[in-house]
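Enquirer: The following block contains the structure, expressed as structure tokens.
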Amino acid sequence: MCSLRGSNFLISTRSANLTHSLQSHRFPTPALRQFGLSQPLPKGLVCRAADATFGGAENLKPPVFPRRNVRDPFKLLGVSPDASEEEIREAKNYLTEQYYGHEYSREAIEAAYEKIIMHSFRVRKASKINLKTNLKKKVEESPPWVQAILNMVEVPNKTITGQRAALFFLLGVWSVFNPAEGGPAFQVAVSLAACVYFINLRLQSLGRAFVLGLGSLVVGWVFGSILIPVIPPLLIPRTWSLELSTALVSYVFLWFSCTFLR
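Printed below as a string of structure tokens:
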């Protein structure tokens with residue numbers, strides 16, 4: 027009985043020692059066994075090795091625009107001062123796409139593009155002002171009779187010009203497709219009435235409006251009577267009479283007088 031108890035005690039002691047040995051020692055992995063290492067590599071050493079192999083975190087940084095600090099916006103975008111707006115826009119879009127990840131580079135590209143656009147706007151505005159100034163100077167230096175004629179002209183907005191042009195164009199179409207034996211007398215009367223009405227709206231003087239309208243009709247009719255016979259017959263349809271062609275010319279004069287004269 028004593029020997030049996032001793033054997034059990036010996037077996038329990040050996041099992042406890044074996045368990046303690048397994049818990050206090052790690053089995054090396056196959057990769058470590060190959061290099062004769064019994065313990066795993068430190069974590070920091072493994073990370074540094076990976077960084078050295080794949081380039082590290084530095085390669086993950088976005089590219090930086092090399093000309094981001096250039097003051098000249100044209101040189102910064104890589105375009106000439108004579109480049110068109112489309113070329114400048116394409117250069118800006120390309121550079122923004124290439125360096126989008128770097129905030130300072132992207133802001134520098136957009137700022138240069140805005141400077142060029144504002145510069146172009148100021149140049150166009152200055153050219154328009156210079157053109158108006160030059161025209162005004164030439165008018166002031168012109169003879170008195172030229173100034174008197176120019177003072178009688180006033181340019182309205184595009185809406186008024188287009189509406190009145192459409193009205194007289196319809197009168198011309200009406201005259202062509204509904205001709206009378208003695209000419210489009212009724213259509214001419216309607217065009218004269220419309221001209222007087224529009225002039226009176228601007229001048230608020232019916233007498234002066236009637237004089238200007240009638241004078242425009244007379245001048246247009248005389249000019250058409252002289253011009254139409256000179257025009258080659260091939261340019262005028264055979265069905266158009268002299269009265270019809272002259273009336274069409276007079277419509278142009280009536281439209282001009284009721285739209286631009288003051």
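With my numbering applied, the sequence shown covers 27 to 288.
All C-beta atoms in this analysis are idealised placements derived from N, C-alpha and C, irrespective of residue type, glycine included.
Please read these numbers as outputs of a predicted model, since none were measured by experiment.
In angstroms, rounded to a whole number, what distance separates the CA positions of VAL181 and ARG190?
Expert: 13 Å
Enquirer: Can you tell me whether DSSP reads VAL179 as helix, strand or coil?
Expert: In the structure shown, the three-state DSSP call for VAL179 is strand.
Enquirer: Would you mind stating whether PHE100 and PRO92 have Cβ atoms separated by less than 8 Å?
Expert: no
Enquirer: Contact defined as beta carbons within less than 8 Å: I believe LEU287 pairs with LEU218. What is the distance between those atoms, to the nearest angstrom?
Expert: In fact, because the Cβ distance is near 14 Å, the residues do not count as touching under 8 Å.
Enquirer: Which residues in the same chain as GLY209 place their Cβ atom closer than 7 Å to its Cβ, once the five residues preceding and following it in sequence are excluded?
Expert: SER267, GLU269, LEU270 and ALA273
Enquirer: My output table needs one value for SER271: the three-state DSSP class, helix, strand or coil.
Expert: helix
Enquirer: Where VAL172 and ASN204 are concerned, what is the direct C-alpha to C-alpha distance, given to the nearest angstrom?
Expert: The alpha-carbon atoms of VAL172 and ASN204 are separated by roughly 40 Å.
Enquirer: Exposed or buried, which one is LEU48 when buried takes at least 16 other CB atoms within 10 Å?
Expert: Its pLDDT being 40, under 50, LEU48 is placed unreliably in this model, and the value from its coordinates should be taken loosely. With fewer than 16 Cβ atoms within 10 Å of its Cβ, LEU48 is classed as exposed.
Enquirer: Between ILE142, VAL214 and LEU121, which has its C-alpha nearest ARG132's C-alpha?
Expert: Minimum Cα distance to ARG132 is reached at LEU121.
Enquirer: Kindly indicate the opening and closing residues of the alpha helix (DSSP H) around SER201.
Expert: 184-203
Enquirer: Checking 8 Å against the spacing of the C-beta atoms, do PHE194 and LEU102 come in under that value?
Expert: no
Enquirer: Tell me the start and end of each unbroken alpha helix (DSSP H) in the segment 97-181 that is at least 4 residues and wholly inside, in chain order.
Expert: 99-103, 111-124, 129-167 and 170-177
Enquirer: Buried or exposed for SER242, going by 16 or more other Cβ atoms inside 10 Å?
Expert: SER242 is buried by the Cβ-count criterion.
Enquirer: Please identify the residue among LYS87, PRO89 and CYS284 whose C-alpha is closest to the C-alpha of THR187.
Expert: CYS284
Enquirer: Going by C-alpha to C-alpha distance, which of VAL275, VAL244, VAL105 and VAL245 sits closest to ILE257?
Expert: VAL275
Enquirer: Tell me the residue span of the alpha helix (DSSP H) that contains ARG288.
Expert: Premise fails: ARG288 is in no alpha helix (DSSP H) and is neither H nor E.
Enquirer: Measure the alpha-carbon distance for VAL96 versus ALA134 and round it to whole angstroms.
Expert: 9 Å
Enquirer: In three-state DSSP terms, what is GLN230?
Expert: DSSP places GLN230 outside both helix and strand once states are collapsed to three, so it counts as coil.
Enquirer: What's the call for ALA138, buried or exposed, on a 16-neighbour Cβ count within 10 Å?
Expert: buried
Enquirer: Taking C-alpha atoms, which residue in TYR277, THR185 and ASN119 lies nearest to VAL202?
Expert: TYR277
Enquirer: Less than 8 Å between the beta carbons of GLU111 and SER153, yes or no?
Expert: No.
Enquirer: Please report the distance separating the alpha-carbon of ILE114 from that of GLU123.
Expert: 14 Å
Enquirer: Quick one: grab the DSSP three-state call for GLY209.
Expert: coil
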